[in-house]
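Those letters in the sequence shown? Residues 76 to 414, by this note's numbering.
Glycine included, each C-beta is placed from N, C-alpha and C at the ideal position.
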Amino acid sequence: MRDALEQIKNTAIEKLEACGDLKALDELKVKYLGKKGELTAILKQMGKLSPEERPVIGQLANEVRAKIEEEVSRRIAQLKEKQLAAQLAAEKIDVTMPGKKFDIGKKHPLTIVMDEIKEIFLGMGFDVVSGPEVELDYYNFEALNLPKDHPARDTQDTFYITENTLLRTQTSPVQIRTMEKRKPPIRIISPGRVYRSDALDATHSPVFHQIEGLVVDKGVTMSDLKGTLEMFIKGLYGEDSKIRFRPHHFPFTEPSAEIDVMCFNCHGEGCRLCKGEGWIEVLGAGMVHPKVLLNCGIDPEEYSGFAFGVGLERVVMRRFGIDDIRMFFENDMRFLEQF
Ligand SMILES: [Zn+2]
């Protein structure tokens, strides 16, 4: 029996040492120390021993059990540590590795300035309204006091689709559509694309952007127009900006004016940007023609209004020093990434 116990101890320790994972270790533990284990099986035969031998073998059996238990605990701790080390190695993050580069999209320069202009007018209580780019002749011309035989039609080289439909040459048709739908007070801007059959060169494009504004209410005067445009220009070019009105003619406004802003580059001295003038033309504007109001069912005896229009491309070109309008529409990343 002594030999049997010694043998159990030795093979148990040997097997525990060779065991590579925790589950197998657990099985070995049951095999040797469990209720149906080998050690228990030996101890059941204790009854056959003489009274003198019993305590000696009993003590030896306890020593063997203690030794195996100790060995099991040691191996469990060892294997757990090994497992943890392996896990840490597998999940290690190298914080010095270069990260993945994300390309962040940028706004198109036209959008940057368009958004700025919208913000300025939203701040003054204007709504932003849009309308169709394929427009009826009526909204693009006729309702704006430009009947079919009007000579001013020739100045806007129009893309006609049929005799009565066209690509809008201005965003003014949105004003007509708005006045037909809403009752005064009206305070809107209508930004968007417009089309003219101009040959493409450094300063002309068959597609470009306008932002038009319209205010209609009781008692609206030219001084309201001037105040509004001053606010706008100061918002766009800075608080010290100066503007001047020059008389002009548009069929849809009376009186009409062109508005210049003092050159922000030379402050009126004259430079290359303003072609030596000291002033740069930025806007067309005027008091809404009574006939236009009438066309939209608004009584010109009761209401008056003003309207204005800005060409977006020119403003953006001067802002960023861009000298070719084609850059806006070529989608060249080398250009677009600069903004
Ligand atoms: Zn200048």
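Exercise. Relative to the C-alpha of S272, which residue among Q245, I334, K293 is closest?
Worked result: On the sequence shown, residue 272 is found 197 positions in, with the first residue counted as 1. The option with the nearest alpha carbon to S272 is Q245.
Problem set entry | Candidates N137, L80, R228, V290: closest to M199 by CA position | Residue 199 sits at position 124 when you count from the first residue of the sequence shown. When only C-alpha atoms are compared, the closest one is V290.
For this session: Check whether the Cβ of L219 sits closer than 7 angstroms to any heavy atom of ligand 1, and report yes or no.
Result: Sequence index remark: in the sequence shown, residue 219 carries index 144 (1-based). No, ligand 1 has no heavy atom inside 7 angstroms of this Cβ.
Exercise. Pick out every residue whose C-beta is nearer than 7 angstroms to a heavy atom of ligand 1: which are they, in chain order?
Worked result: This criterion selects C338, N340, C341, E344, G345, C346, L348, C349, G353.
Exercise. Where do the N-terminal and C-terminal ends of the beta strand (DSSP E) with I373 fall, by residue?
Worked result: Position 298 of the sequence shown, counting from 1, holds the residue named residue 373. Premise fails: I373 is in no beta strand (DSSP E) and is neither H nor E.
Problem set entry | Own chain partners of R268 with C-beta closer than 7 angstroms, once the 5 adjacent residues on each side are dropped | Taking the first residue of the sequence shown as 1, we reach residue 268 at position 193. Excluding sequence neighbours, R268 sits near E208, V282, H284.
Exercise. Is it buried or exposed for Q413, if we count other Cβ within 10 angstroms and need 16 for buried?
Worked result: Taking the sequence shown and counting its residues from 1, one reaches residue 413 at position 338. Classification of Q413: exposed, given that the 10 Å Cβ count is below 16.
Problem set entry | Inside the stretch 112 to 148 only - alpha helix (DSSP H) runs reaching at least 4 residues | 113 to 118
For this session: Excluding the 5 residues preceding and the 5 following Y423 in the sequence, name in chain order all residues of the same chain whose CB lies nearer than 7 angstroms to its CB.
Result: Within the shown structure, residues of the chain are numbered from 76 to 414, placing residue 423 beyond reach of any answer.
Exercise. Which runs of the alpha helix (DSSP H) fall wholly inside the stretch 321 to 374 and span at least 4 residues, in chain order?
Worked result: 365 to 370
Exercise. Skipping 5 residues on each side, what residues in its chain have a beta carbon closer than 6 angstroms to that of A87?
Worked result: In the sequence shown, counting from the first residue as 1, residue 87 sits at position 12. Contacts found: Y107, I143.
Exercise. Which ranges would you report for the alpha helix (DSSP H) in the stretch 76 to 115 if only whole runs of at least 4 residues count?
Worked result: 77 to 93, 97 to 108
For this session: For E388, count neighbouring Cβ atoms within 10 angstroms of its own Cβ and tell me buried if that reaches 16, exposed if not.
Result: Numbered from 1 along the sequence shown, position 313 holds the residue referred to as residue 388. So E388 counts as buried.
Problem set entry | Three-state class that DSSP yields for D407 in the structure shown | Against the sequence shown, residue 407 aligns to sequence position 332. Reduced to three states, the DSSP call for D407 is coil.
Problem set entry | Contact the stretch 173 to 181 vs the stretch 201 to 216: 3+ CB pairs below 8 angstroms | no
For this session: Spell out a yes or no on whether the stretch 323 to 339 and the stretch 305 to 315 are touching, meaning 3 or more CB-CB pairs, one atom from each, closer than 8 angstroms.
Result: yes
Problem set entry | Alpha-carbon spacing of K181 relative to L411, whole angstroms | By 1-based counting over the sequence shown, the position of residue 181 is 106. By 1-based counting over the sequence shown, the position of residue 411 is 336. For K181 and L411, the distance between alpha carbons rounds to 8 angstroms.
For this session: Identify, in the order they occur along the chain, each residue of the same chain with its Cβ nearer than 6 angstroms to the Cβ of F327, setting aside the five sequence neighbours on each side.
Result: Your numbering for residue 327 matches position 252 in the sequence shown. Cβ neighbours of F327 beyond the five flanking positions: L219, N220, H364, V367.
Exercise. Is the stretch 241 to 256 close to the stretch 159 to 170, with three or more CB pairs under 8 angstroms?
Worked result: The stretch 241 to 256 is not in contact with the stretch 159 to 170.
Exercise. Among the residues of its own chain, which have a CB less than 7 angstroms from the CB of V188, if the five just before and after it don't count?
Worked result: To locate residue 188, count along the sequence shown from 1; it is residue 113. Once the five neighbours on either side are set aside, the close Cβ partners of V188 are L387, V390, V391, R394.
Exercise. For the candidate residues I195, A227, I263, K193, whose alpha-carbon lies nearest to that of D202?
Worked result: For the purposes of this step, residue 202 is identified with residue 127 of the sequence shown, where counting begins at 1. Per the Cα distances, I263.
Exercise. Which of the three DSSP states, helix, strand or coil, is assigned to G386?
Worked result: Here residue 386 refers to the residue found at position 311 when the sequence shown is read from its first residue. Correct three-state label for G386: strand.
Problem set entry | Secondary structure, alpha helix (DSSP H): runs of 4+ residues fully inside the stretch 246 to 314 | 247 to 256, 297 to 312
For this session: With a threshold of 16 other CB atoms inside 10 Å of the CB of I132, please say whether the residue is buried or exposed.
Result: What you label residue 132 is simply residue 57 of the sequence shown in a count that begins at 1. With 16 or more Cβ atoms within 10 Å of its Cβ, I132 is classed as buried.
Problem set entry | Beta-carbon contacts of T186 that lie in its chain and below 6 angstroms, excluding the five residues immediately before and after | By one-based count along the sequence shown, residue 186 stands at place 111. Excluding residues within five positions, none has a Cβ falling inside 6 angstroms.
Exercise. Between which two residues does the alpha helix (DSSP H) harbouring E191 extend?
Worked result: Against the sequence shown, residue 191 aligns to sequence position 116. E191 -> alpha helix (DSSP H) spans 184 to 198.
Problem set entry | Separation of T171 from L154, as counted between CA atoms | The residue you call residue 154 lines up with position 79 of the sequence shown. The residue you call residue 171 lines up with position 96 of the sequence shown. C-alpha separation (whole angstroms): 31 angstroms.
Exercise. Exposed or buried, V357, counting other C-beta atoms within 10 Å across all chains shown (16 or more means buried)?
Worked result: Stepping through the sequence shown from its first residue, residue 357 is reached at position 282. The residue in question, V357, is buried, as its Cβ has 16 or more Cβ neighbours within 10 Å.
For this session: State buried or exposed for K102, treating a residue as buried only when at least 16 other CB atoms are found within 10 Å of its CB.
Result: Here residue 102 refers to the residue found at position 27 when the sequence shown is read from its first residue. The sequence as given places Glu at residue 102; Lys does not occur at that position. Label assigned to E102: exposed.
Exercise. Which residues share a DSSP beta bridge with S379?
Worked result: Start at 1 with the first residue of the sequence shown, and residue 379 comes out as number 304. DSSP lists D292 as partners of S379.
For this session: Check the DSSP bridge columns for Y235 and list the partner residues they point to.
Result: Here residue 235 refers to the residue found at position 160 when the sequence shown is read from its first residue. Per DSSP, L241.
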